[in-house]
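Numbering (the UniProt record's numbering), first residue to last: 1 to 704. Ideal Cβ placement from N, Cα and C applies to all residues, glycine included. Predicted model, so just to flag it, every value in this text is computed and none were measured. Below you'll find the structure, written out as structure tokens, and then a few comments.
Listed below in structure tokens is the structure:
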């Protein structure tokens with residue numbers, strides 16, 4: 001009489017469907033079964049490359065016992081795929097039905113042996129488990145002749161494993177499902193550039209029906225994948241019937257992105273698993289490229305525009321792309337320094353993308369006979385041009401370009417552009433307190449910043465600065481640049497004698513090998529044409545893309561969000577020592593927006609004052625720096641790059657008298673997922689991670 005040991009298969013709950021998507025149910029296999037089911041899960045295709053259910057209907061099956069109690073099963077398909085499983089009980093033992101054994105690739109006295117391989121690929125070390133459901137010995141030889149088990153097999157130290165069922169001459173039913181494709185591969189995509197969908201077909205391939213639960217995503221990079229359609233959930237499929245699950249991939253980082261589609265089921269393992277493989281690449285859209293400042297337009301000489309003052313009510317369309325180092329294509333916005341020279345009356349300039357209607361915004365505000373400038377970020381318009389409009393009177397206009405933002409990946413061959421990292425404003429240098437007096441005319445300073453590590457120093461490509469001329473002896477200008485070579489024929493701050501004149505600028509960093517002992521630090525230069533005190537405040541850095549929480553730029557047409565004269569954004573003018581909270585409209589920002597590029601204007605304050613802008617609804621107090629320094633009755637603008645708080649708001653503070661304030665948004669900065677420091681895309685990011693206050697120095701003034 002045969003020795004028979006058997007464990008009944010798992011029961012299936014729910015009604016059996018006779019039709020699915022796609023296909024029609026095929027006849028279920030019949031006992032006795034010699035079959036090997038393989039679900040490669042999220043293993044990435046090693047040691048078995050493909051999920052499948054193999055029996056005599058689709059493969060040549062080789063199965064036999066070895067030794068007294070071991071089993072060998074191999075499936076060889078017509079397309080050359082073969083999968084092999086060998087199993088043996090612990091040394092000196094026989095398999096016991098109902099027992100689950102811990103396994104190793106080589107059996108010993110406490111572990112059963114289990115090895116799974118495919119296509120010649122195997123493992124040096126392995127671990128797993130084997131749950132025995134049926135054994136029968138041959139009555140004549142006493143050797144194993146019938147075998148049924150469920151298995152799980154992990155190659156080397158891979159936490160993902162291959163699992164399935166094995167049968168040899170067995171009448172024990174089995175549940176199986178096969179995913180196609182497996183693994184599921186997605187095309188390489190640019191990080192943050194949109195999603196790609198793949199549909200996975202799941203086919204019931206056992207001897208009895210299989211019931212599915214709700215599909216989900218698991219694994220290291222699960223957040224990069226989403227189930228968008230689950231046709232399998234809650235269904236019981238007869239053998240041969242299929243259902244589908246659609247998965248969306250959106251890589252949030254460069255490099256390989258790995259996860260698993262998990263579909264709970266009524267099998268012994270409890271789920272069908274398909275590996276998900278995607279790859280992200282870093283594009284350059286929204287990144288910043290610094291230039292050595294170059295002059296694009298000067299109405300005094302006829303450069304870039306007619307040789308004549310720009311009259312009131314008129315505009316000039318300035319060709320920007322293809323000039324001054326700005327590429328001919330792939331540019332979304334440029335950063336300009338726009339200077340007004342000797343206007344015949346008080347007025348304002350507006351700079352906006354060419355080919356579009358003039359917005360209700362201003363870029364430079366000035367009184368009669370003024371000499372001054374403002375940093376203007378503007379989206380590129382039709383034909384690679386921007387429009388410059390003068391409201392009234394006539395004035396000469398000078399335009400210098402200092403950098404640009406990429407609109408797409410056309411510029412990828414230039415290498416990765418820079419990411420903006422706003423920081424709480426910090427005073428880098430002030431000649432009034434440096435002990436060396438005002439900077440003489442014709443001289444320049446080399447200023448550097450020494451960060452906590454050499455890695456951080458190496459990552460800084462540029463500085464975002466507020467540069468201020470204080471009480472100059474004569475009318476003149478400051479020029480900020482990388483500090484190497486000749487001083488460019490451009491200006492950053494244009495000043496009149498005795499005034500306090502700030503301007504925002506983005507300055508390319510150069511490497512200084514002699515500024516500090518034992519290191520290389522990022523540095524820049526500031527030149528003055530006349531004797532003047534110089535104040536430099538740091539409001540951000542341009543990183544090389546390797547620092548966490550980098551911000552990228554989205555240009556906008558200039559949009560006014562604050563005008564205290566009409567109650568827009570705040571109810572009225574700001575009195576002395578008054579702070580107002582301004583909320584950015586939801587039409588301009590979203591949950592990824594971290595900072596705004598604005599033009600902020602102080603309108604005719606009742607006395608000389610200081611205006612300061614900083615993020616609202618945070619622990620940051622008002623910084624000890626300024627954005628605008630308007631004199632009494634003066635209307636003056638300055639570019640401001642400011643973070644916004646968690647409620648999309650910023651603060652504006654007026655120091656003295658009463659002042660009206662305007663703010664026009666020209667673009668937004670968003671957190672780039674490829675550098676976000678948390679899986680939630682840095683929802684609480686507030687400045688560049690890892691930057692520490694470092695030592696600031698300046699070389700002795702040298703003649704330019």
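- By the neighbour-count criterion, in which a residue is buried when 16 or more other Cβ atoms sit within 10 angstroms of its Cβ, residue 66 is exposed.
- Spatial neighbours of residue 289 in its own chain (CB-CB distance under 8 Å, excluding positions within 5 residues in sequence) are listed in chain order as 403, 404, 405, 406, 411, 414, 417, 418.
- Of all alpha-carbon atoms in 587, 551, 197, 657, the one lying nearest the alpha-carbon of residue 284 is that of 551.
- For residue 448, same chain residues with a beta-carbon under 6 Å away, outside a window of 5 residues either side, are 512, 515, 521, 523, 697 in chain order.
- From the listed residues 485, 471, 220, 492, the smallest Cα separation to residue 479 is found for 492.
- Per DSSP, reduced to three states, the secondary structure at residue 291 is strand.
- Assigned with DSSP and collapsed to three states, residue 454 falls in helix.
- With a minimum length of 3 residues, the unbroken runs of beta strand (DSSP E) contained wholly in the stretch 344-426 fall at 347-353, 364-366, 371-379, 385-390, 394-406.
- Rounded to whole angstroms, residue 639 and residue 645 show a C-alpha spacing of 19 Å.
- With contacts defined as CB atoms closer than 9 Å, residue 488 and residue 530 fail to qualify as a contacting pair.
- Rounded to the nearest whole angstrom, the CA to CA distance from residue 169 to residue 225 is 41 Å.
- When only Cα atoms are considered, residue 613 and residue 199 end up about 50 Å apart.
- One Cα belongs to residue 191, the other to residue 548, and the distance between them is close to 15 Å.
- Spanning the alpha carbons of residue 538 and residue 463 requires a straight line of approximately 7 Å.
- Taking a contact as a CB-CB distance under 8 Å, the pair residue 128 and residue 103 counts as one, their CB atoms being some 5 Å apart.
- Between residue 81 and residue 115, the alpha-carbon positions lie close to 17 Å from each other.
- Each residue's CA atom was taken as its position, placing residue 238 and residue 91 some 40 Å apart.
- Sorting 312, 331, 320, 324 by C-alpha distance to the C-alpha of residue 349 places 312 at the top.
- Residues of the same chain with a CB within less than 7 Å of the CB of residue 570, apart from the 5 flanking positions on each side, are 562, 564, 580, 582 in chain order.
- By a beta-carbon distance limit of 8 Å, residue 466 contacts residue 502. Their separation comes to about 5 Å.
- Going by C-alpha positions, residue 337 is about 20 Å away from residue 346.
- Assignment of residue 615 by DSSP, reduced to helix, strand and coil, places it in the strand class.
- Scanning the stretch 222-251 from its first residue to its last, the whole beta strand (DSSP E) runs of 3-plus residues come out as 225-230, 242-249.
- When DSSP states are grouped into helix, strand and coil, residue 113 belongs to the strand group.
- Beta-bridge partners of residue 596 (DSSP): 642, 668.
- Counting C-beta pairs closer than 8 Å gives fewer than three between the stretch 390-403 and the stretch 621-633, which falls short of the contact rule.
- Residue 675 carries a helical assignment under DSSP once its states are collapsed to helix, strand and coil.
- In terms of Cα proximity to residue 672, the closest of 252, 358, 315 is 252.
- Where residue 581 is concerned, the enclosing beta strand (DSSP E) starts and stops at 578-583.
- By the CB criterion at 9 Å, residue 573 and residue 649 fall outside the cutoff.
- Under DSSP, residue 107 shares a beta bridge with no residue.
- In the structure shown, residue 459 adopts helical secondary structure according to DSSP, grouped into three states.
- For residue 98, the secondary structure class from DSSP, reduced to helix, strand or coil, is coil.
- The three-state reading of DSSP puts residue 588 in coil, since its state is none of H, G, I, E or B.
- Scanning the stretch 504-582 from its first residue to its last, the whole beta strand (DSSP E) runs of 3-plus residues come out as 510-512, 521-528, 533-543, 551-563.
- For the pair of segments examined, the stretch 91-101 was found to touch the stretch 131-138: the number of CB pairs separated by less than 8 Å reaches three.
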